[in-house]
Amino acid sequence: MNTRTTDHRTASPSLSPAPALPDGGQLCAPYAEAVLRHAGRDWLRLNVPGHAAAPGSDLAGLFGSRITALDFPPLLDGIDLGPDTPLDRALALAAEAWGARRTWFLTNGASQGNQIASMVAPALGRTLVVQRSVHSSVIDGLVLSGLDAVFVQPSVDPEQGIAHGVTAADVAEALERTPDAAAVYIVSPSYFGAVADVRAIADTAHSAGVPLIVDEAWGSHFGFHPGLPANALSAGADLATSSTHKLAGSLTQSAMLHLAEGPFADLLEPLVDRAFRLVQSTSASALLTASLDLARRSLVTGAGATGGSIAAADRVRRAVRALGRFTVVSDGFHAFPDIVGTDPLRVAIDTRAGGITGHEARRRLFRDHQIMVEVATDAAVVAVIGAGSAPDTDRFVEALHTLPSPLTTAPAGAGTGAAAGAGAEMLRLPAPGATKLSAREAFLSPALVVAAEEAVGRISADTLAAYPPGIPNVLPGEVITAEAVRFLQRTAAAPNGHVRGALDLGVTRLRVVA
-4 MNTRTTDHRT ASPSLSPAPA LPDGGQLCAP YAEAVLRHAG RDWLRLNVPG
46 HAAAPGSDLA GLFGSRITAL DFPPLLDGID LGPDTPLDRA LALAAEAWGA
96 RRTWFLTNGA SQGNQIASMV APALGRTLVV QRSVHSSVID GLVLSGLDAV
146 FVQPSVDPEQ GIAHGVTAAD VAEALERTPD AAAVYIVSPS YFGAVADVRA
196 IADTAHSAGV PLIVDEAWGS HFGFHPGLPA NALSAGADLA TSSTHKLAGS
246 LTQSAMLHLA EGPFADLLEP LVDRAFRLVQ STSASALLTA SLDLARRSLV
296 TGAGATGGSI AAADRVRRAV RALGRFTVVS DGFHAFPDIV GTDPLRVAID
346 TRAGGITGHE ARRRLFRDHQ IMVEVATDAA VVAVIGAGSA PDTDRFVEAL
396 HTLPSPLTTA PAGAGTGAAA GAGAEMLRLP APGATKLSAR EAFLSPALVV
446 AAEEAVGRIS ADTLAAYPPG IPNVLPGEVI TAEAVRFLQR TAAAPNGHVR
496 GALDLGVTRL RVVA
């Protein structure tokens, strides 16, 4: 496999052969090991960062002196400066591990990868055919790129109020009405672990002469154990964002972007490399970068530990089914034609079946049991088990089943937005309003702030997304509906509810195109 890489700081891409992989191959972590060796020397640090690894600093007192000693700036000889550096070798190893032609390390999350992918698409066409339930960072990318968008609506589970994926037929229909399509952009897996038929969608996109971009933020661990789904690149995707910190074990905010060795690689590689330098910090964190190198090594060499994580998740699902109070969301995935697989490390529990909303269940698990889950909706909570981790699943199952039913115990200070009991009105996903302007046009247009009720029927200037999971409910350029306002306000009022992009916590005011 060609794992061509370049010095990621140069002004123009170099298509020279990849550096030779180090002895030991995937058993090595060349960048992390180089940073560790560098920190072991007796440095007088008269450069940035300003903490200078001083042992008596507040940072060292809180995090430990080892953390500050490893916190180096970029452009250091023997680490990331010069030919065939440890960073180059780490990137080559990552590309090999994920089956990519080339991989970029990101220090601003998979959001940065989605922005890069959106920014290069105008070289391929004027309109992005994009799944409507993409992460808000993809919409941010539309603002940055100026592309028009044709949205493909995902399937929606009305009982759970969650969006899943799209089918190849959905994508084909959208491509037929989009002669200037630049690329197809989908999400797989979803926040609830639903896996799309990436192979069929890739074939559909390629038949139309456009690449497939996959936001695989939640699937960075895919392909590293036989019990896991295959990753998007192996199924035909051309570009995939990988939020490595989510389930693959790197530090928060670190991620990767992978380019396949496919029909669009020669065109995309220099474009992606240039866009990467536009949005990557010139002070990329050595700690985040080293964590990516280590996460790759752990995934490649830790199939046994990953198998243990899968077994732990299976134990939770079996216990929930056996106890009977709650249900497992993925047990109903067979009803949706767009879902062809499931991430076993995602454990989605329908809490309303047990008499408590997901938001309230999450709040009580956090407050009363010191248990954090990843996502809560009105109907469910989603727990995730990182590849290689071995959590106390019995503790989670026990705490889950000690939760009270708000039918008899109302949450303190919940208010009307908390949607207390199982008999309360279901908080359903709102249908999107009509698109009147491109995301960029709406974002850059003169705007004014009005009361939420006055915004109904007007064009939004902002992206508004119930968070987590961060799927936009209102896009710049879309008409704001009364249904969307009610949904966002109820989400904001729920325990731990938050609306990304809102002007205030209660979503009482909205920014609209003047």
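Under this note's numbering, think of the first position of the sequence shown as -4, with each following residue one higher.
We put the beta carbon where it would ideally sit given N, CA and C, even for glycine.
- State the DSSP-derived secondary structure class of P467, mapped to helix, strand or coil. Taking the sequence shown and counting its residues from 1, the one referred to as residue 467 is at position 472. In this structure, P467 counts as strand in the three-state DSSP scheme.
- Query: Hey, how far is the Cα of I454 from the Cα of R32?
  - Reply: In the sequence shown, counting from the first residue as 1, residue 454 sits at position 459. In the sequence shown, counting from the first residue as 1, residue 32 sits at position 37. In a straight line, the C-alpha of I454 is about 55 Å away from that of R32.
- For Q248, name the three-state secondary structure that DSSP assigns. The residue given as residue 248 occupies position 253 in the sequence shown. Three-state result, Q248: coil.
- Message: So, for Q126: in the same chain, excluding its five sequence neighbours on each side, which residues have a beta-carbon less than 8 Å away from its beta-carbon?
- Response: Looking up residue 126 in the sequence shown gives position 131. Within the same chain, Q126 has close Cβ partners F146, V147, P149, G160, V161, Y180, I181, V182.
- Report buried or exposed for T247, applying the criterion of at least 16 other Cβ atoms within 10 angstroms of its Cβ. Numbered from 1 along the sequence shown, position 252 holds the residue referred to as residue 247. T247 should be labelled exposed.
- Quick one: residues in its chain with C-beta nearer than 6 Å to the C-beta of G336, no 5 flanking neighbours on either side, listed in chain order? For the purposes of this step, residue 336 is taken as residue 341 along the sequence shown, with counting starting at 1. Within the same chain, G336 has close Cβ partners V190, P224.
- Query: What is the DSSP secondary structure of I62, reduced to helix, strand or coil?
  - Reply: Counting from 1 along the sequence shown, the entry for residue 62 is found at position 67. Of the three classes helix, strand and coil, the one that applies to I62 here is helix, per DSSP.
- Query: Which same chain residues, not among the five before or five after T296, have their C-beta less than 7 Å away from its C-beta?
  - Reply: On the sequence shown, residue 296 is found 301 positions in, with the first residue counted as 1. If we look at T296 and ignore the five residues flanking it on each side, its Cβ neighbours are Q21, L22.
- Uninterrupted alpha helix (DSSP H) stretches inside the region 239 to 301 (no shorter than 4 residues): 239 to 242, 260 to 274, 281 to 296
- Task: Output yes or no for whether 7 Å exceeds the beta carbon distance between T98 and A90.
- Result: For the purposes of this step, residue 98 is taken as the residue at position 103 of the sequence shown. For the purposes of this step, residue 90 is taken as the residue at position 95 of the sequence shown. Contact flag set, yes.
- Query: Between P406 and V193, what straight-line distance do the alpha-carbon atoms span, to the nearest angstrom?
  - Reply: As a working mapping, residue 406 is identified with position 411 in the sequence shown. As a working mapping, residue 193 is identified with position 198 in the sequence shown. Caution is warranted here: a pLDDT of 41 is assigned to P406, below 50, making its placement in the model unreliable, and the coordinate value is therefore given only provisionally. In a straight line, the C-alpha of P406 is about 42 Å away from that of V193.
- Query: Closest by CA to T239, which one among G381, V311, F321?
  - Reply: By 1-based counting over the sequence shown, the position of residue 239 is 244. Among G381, V311, F321, the Cα nearest to that of T239 is on G381.
- Query: Cα-Cα, which of G45, A429, G492 is closest to P471?
  - Reply: Mapped onto the sequence shown, residue 471 falls at position 476. Measuring from the Cα of P471, the nearest candidate turns out to be A429.
- Given that a residue counts as buried once 16 or more other Cβ atoms are within 10 Å of its Cβ, and exposed if not, what is Q155? If you number the sequence shown from 1, residue 155 lands on position 160. So Q155 counts as buried.
- Query: Can you list, in chain order, the residues of its chain whose CB lies under 8 Å from that of L228, leaving out five sequence neighbours each side?
  - Reply: By 1-based counting over the sequence shown, the position of residue 228 is 233. If we look at L228 and ignore the five residues flanking it on each side, its Cβ neighbours are W93, G94, A95, A235, H253, A255.
- Message: I want to know whether the region 455 to 465 touches the region 432 to 444 - three or more CB-CB distances under 8 Å.
- Response: yes
- Would you mind working out which of Q110, R435, L86 sits nearest F100, comparing C-alpha positions? Numbered from 1 along the sequence shown, position 105 holds the residue referred to as residue 100. Measuring from the Cα of F100, the nearest candidate turns out to be L86.
- Starting from the Cα of L137, find the closest Cα among A434, T352, D373 and give me that residue. In the sequence shown, counting from the first residue as 1, residue 137 sits at position 142. Selected option, being the one with the closest Cα: A434.
- Message: Suppose the cutoff is 7 Å on Cβ atoms and the five residues either side in sequence are ignored; what does the same chain contact list for A308 look like?
- Response: Walking along the sequence shown from the start, residue 308 turns up at place 313. Excluding sequence neighbours, A308 sits near P339, L340, V342, I380.
- Message: Could you pull the DSSP bridge partners for A493 from this structure?
- Response: For this step, residue 493 is matched to residue 498 along the sequence shown. As written in the sequence, residue 493 is His, which differs from the Ala given in the question. The partner list for H493 (beta bridge, DSSP) reads Y462.
- Query: Which of helix, strand or coil does DSSP assign to E473?
  - Reply: Counting from 1 along the sequence shown, the entry for residue 473 is found at position 478. Looking at E473 - three-state DSSP - the assignment turns out to be strand.
- Query: Count the other CB atoms within 10 Å of the CB of D37; is the residue buried (16 or more) or exposed (fewer)?
  - Reply: On the sequence shown, residue 37 is found 42 positions in, with the first residue counted as 1. Under this definition D37 is an exposed residue.
- Task: Rounded to whole angstroms, what's the CA-CA distance from P258 to D143? Just pull it up for me.
- Result: Here the question's residue 258 lines up with position 263 in the sequence shown. Here the question's residue 143 lines up with position 148 in the sequence shown. P258 and D143: Cα-Cα distance of roughly 24 Å.
- Do you know whose CA, among A488, R481, G452, lies nearest V474's CA? Taking the first residue of the sequence shown as 1, we reach residue 474 at position 479. Ranking A488, R481, G452 by Cα distance to V474 puts G452 first.
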